[in-house]
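Structure record follows, encoded as structure tokens.
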Amino acid sequence: MSQIRVLLADDHAIFREGTRRILGEYPDIAVVGEAADGEEALRVAGQVQPDVAIVDIAMPRLNGIEVTRRLAAISPSTRSLILTAYDDDAYIFALLEAGAAGYLLKTVPGRELAEAVRAVHDGQTVLHPAITQKLVERLKASPHAAKEPQEPLTARELEILKLVSSGLSNKEVAAKTGLSVRTVEVHLTHIFNKLGVASRMEAVLHGLSRGWFPVEGIRQAGERT
Amino acid sequence: MGSVAGISVPPFRALLHALSRLPARARDRRFWFIQAMVLGVAALHTYTEAGGYQEPFGSFHHIPVTLFLIPVAYASLHFRLEGGILTGLSATILTTPNILLWHTTAFSFEGELTQLAVVVAVGSLLSWRVEREVRQRFKAEEASARLQVSEEKYQNLFEAAGDAILVFGAAGELLAANAAAGRLTGYTLKGLTAMRADALLQASGWEAVQRSVTADLPKPIHLSLVTNRGSQVAVEATCALVHSQEGPLLQAVLRDVTEQQRQQQNLQSYASLVMRAQEEEQRRIARELHDVPVQSMVLICRDLATLLQSSDSLPDPVRRGLAGVRERAEETLGLLRRFSRELRPSVLDDLGFGPAIQALTEELSRRLGFRVHLEMSGTSRRLAPDTELGLFRIVQEALRNVEKHAGATQTKVAVYFKEGRAGVAVADNGQGFRAPARLGDLTAEGKLGLVGMEERARLLSGRLEVQSAPGKGTQISVEVPA
């Protein structure tokens, strides 16, 4: 079985060291690169092309948001998992827009971090429970966050979005619905277009704010699948 | 001397002495002349009529009373109203025995009385007119004397004034200048009076002077004066329109404010430096907090969480104890995060003013228990770092005041981005306060928060507007170039 190749970008050496030690306990995860600032993170990512980049927001020279945005060009197959000390929900939209696949607080225990790395690698989105709650509140309060889609979702599309929100990968959704992976992907593209979003996480948040499914239904860090 | 005094002093000296104690009027020779005339006329009258009507005097018999007109007119001219009336009365008294003795028939009695009445009436009328003329002349003389004094005073002020004074004709010709004007401009007074206003004050300055005197409430204006060396001096001018016999004149009192302006600029750049240093220090502390205590707490929290999750073999009491420690560690971490964020919100640097204000209002909403409304208009964009920080600090301070003092139940923050400008307004429905006429007075009232906000607004070339009244809520707004 091939290992998940991880890049660690954080300006605090002691934190990188601890995280590497934790991930070292999981044989399916290998830390293949480390960076102490944003620019270094992009340089190393270009060299090692990691599967998952664990990125801090507050970093010298280039912050985590910019790193996430630029990673798409430098290493297209890399998924970013934001790991930050701050629970500022202000960052979440900028991060979603930049293409982040997950947002976790640094205080999560080792096992949850490892699970989040796997989930993100599988194409899922992972949010810290505290962040999700804040985010949904914010979406509900904001008058323009969740507009009624111009064209309503079909029953099939809604079912797929619901399954995605519960943390399933495209392959798992395909297995559950009896469709091919290719068909699931086509459905997802339609959903993104109808909702005017660019990522799975945004689509899920949109559904949450419109009350299509409860917050409790979506996949959160620490949940066992 | 005692009893011998009366003997030793000759009689005429005693008379002179008595005279000198009379009222001033009685010392006038004309006074005695008038008395003599009145007595003479009265004597003549008695002489012609003594013993009744006497044929030899013929028609002259009727004349004597009319002769009183001479002393009465004379007294009117010299002693005015008092002289005319008193002389008329004295003539009447002196004639009374004559009338009673010799004018027993009704016809002659009435004739005498009529003549006396005419004498008294002419005396009164004449003396009244003389009195009036004299008073008017006296007043005019007094006014002219006063004018002379005030002209002298003005001339002295003009010459000795520390402020430069220039007097211009309506066409801009310089008519007069004082010594201070010479010192200020570097020209001699002769050279100055040969100059024209637009050469000295520049065309725009001369226009400003003309505009300022036609305003309802002339205020001091700021001008730039060109000296004889071609350099410019910043002056504050108080201008006035003066009406003279030669037509309207413009008087400008100029005060050199170059030094004052320089001091103000120094003060402002000092304030800006202090503020910058303070921001820099806050940023450093926030960074330090983030790098050391926050990271340590993060690791402690993670280790505790990992420990609790991975070791199933821990006895229950230990597990519960650890869980409690973890909770307290998370709380401490939360406090540290908040502290660091208040010192320097990283969202402001990373995402800009709009998202930072949004985060601020959301956090405040949670603390206040009611929603702080945020209204964004225009397209949110990144501004210059100083502008973003300044506007953010103004809103932060305004919201801090709302939280601390206002007792509001509604608060609204409006942010707008326009072409080349950006602005914010914070309004609440709280208790408000009496807004002073000048923001500078806030210092005296100890409202330093508002002073700081005003200072920040000014450093961004904007102006802080504060509207408030007791019981009417408060609205604070600022717009800056961006």
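So the sequences go chain by chain: A and B.
When the letters of the first sequence are read in order and numbered with numbering that gives the first Met the number 0, they come out as residues 0 to 224.
When the letters of the second sequence are read in order and numbered with numbering that gives the first Met the number 0, they come out as residues 0 to 481.
Don't be surprised by glycine CBs; every beta carbon is placed ideally from N, CA and C.
Item	Value
Cβ separation of Pro63/B and Thr47/B, assumed to be a contact under 8 Å, to the nearest whole Å	6 Å
Nearest residue (CA-CA) to Arg319/B, options Gly110/B, Gly168/B and Ala304/B	Ala304/B
Rounded straight-line distance, which links the Cα of Val234/B to that of Pro142/A	Bear in mind that a pLDDT of 49 at Pro142/A, under 50, signals an unreliable position, so the number given afterwards is only what the model happens to contain. For Pro142/A and Val234/B, the distance between alpha carbons rounds to 55 Å.
Minimum C-alpha distance to Glu501/B - residue among Leu125/B, Thr95/B, Ser143/B and Leu124/B	In the structure as shown, chain B begins at 0 and stops at 481. Residue 501/B is therefore absent and cannot be evaluated.
CB contact check: Asp55/A to chain B, cutoff 8 Å	no
Cα-Cα separation, Arg223/A to Gln430/B	Residue confidence for Arg223/A is low, a pLDDT of 41 falling below 50, so the modelled location carries little weight; the figure read from the coordinates is stated next. Their backbone Cα atoms lie some 53 Å apart in a straight line.
Contact set for Gln466/B: own chain, Cβ-Cβ below 6 Å, skip 5 residues either direction	Gln474
Contacting residues, own chain, Cβ-Cβ under 8 Å from Gln2/A (five flanking each side not counted)	Pro26, Asp27, Ile28 and Ala29
Contact with chain B by Arg110/A, beta-carbon distance below 8 Å	yes
Val37/B and Thr91/B closer than 8 Å at C-beta	no
Partners in chain B for Lys105/A, counting only beta-carbon separations shorter than 7 Å	Val297 and Arg301
8 Å Cβ cutoff, Asp315/B in contact with chain A	no
Beta bridge counterpart(s) of Gly246/B as assigned by DSSP	Ser243/B
Contact set between Gly17/A and chain B, taken where Cβ atoms lie within less than 9 Å	Leu298, Arg301 and Asp302
CB-CB length for Glu478/B against Gly461/B, believed under 8 Å	6 Å
Terminal residues of the alpha helix (DSSP H) in which Gln259/B lies	Thr257 to Leu288
Cutoff 8 Å: Glu329/B Cβ touching any chain A Cβ	yes
Nonlocal neighbours in the same chain, by C-beta distance under 7 Å from Asn177/B, ignoring five residues either side	Phe157, Glu158, Ala160, Ala163 and Ile164
Contact the segment 222-233 of chain B vs the segment 182-202 of chain B: 3+ CB pairs below 8 Å	yes
Interface flag, Pro354/B vs chain A, CB-CB below 8 Å	yes
Residues within the segment 66-98 of chain A neighbouring chain B, beta-carbon criterion of under 9 Å	Ala84, Tyr85, Asp86, Asp87, Asp88, Ala89, Tyr90, Phe92 and Ala93
Option in Thr77/A, Met58/A, Thr83/A and Leu160/A with minimal Cα separation from Leu204/A	Leu160/A
Stretch-stretch touch, CB-based, cutoff 8 Å, three pairs: the segment 281-289 of chain B with the segment 326-340 of chain B	yes
Validate contact between the segment 348-367 of chain B and the segment 96-116 of chain A using beta carbons, cut 8 Å, 3 pairs	no
When Glu374/B, Asp348/B and Tyr73/B are compared against Arg60/A, the one with the closest alpha-carbon	Asp348/B
Ser268/B versus Leu152/A: straight-line alpha-carbon distance, rounded	60 Å
Nearest residue (CA-CA) to Val51/A, options Thr124/A, Ala174/A, Phe212/A and Leu207/A	Thr124/A
Top-ranked residue by Cα proximity to Arg370/B, from Val412/B, Glu151/B and Asp385/B	Val412/B
Under 8 Å from the C-beta of Ile64/A: neighbouring residues of chain B	Asp349 and Leu350
Distance CB(Thr378/B)-CB(Leu459/B) smaller than 8 Å	no
His143/A at chain B interface by Cβ criterion, 8 Å	With a pLDDT of 45 at His143/A, under the threshold of 50, the modelled position of that residue is not reliable, and the figure given next carries that caveat. By this cut-off, His143/A is not an interface position.
Boundaries (first-last residue) of the alpha helix (DSSP H) holding Thr65/B	Pro63 to Leu66
Short CB-CB distance (under 8 Å) between Ile130/A and chain B	no
Where the segment 5-16 of chain A meets chain B: residues whose CB sits under 9 Å from a CB there	Asp10, His11, Ile13 and Phe14
Residues bridged to Thr237/B (per DSSP)	Val252/B
Local conformation of Ser198/A per DSSP, three classes	coil
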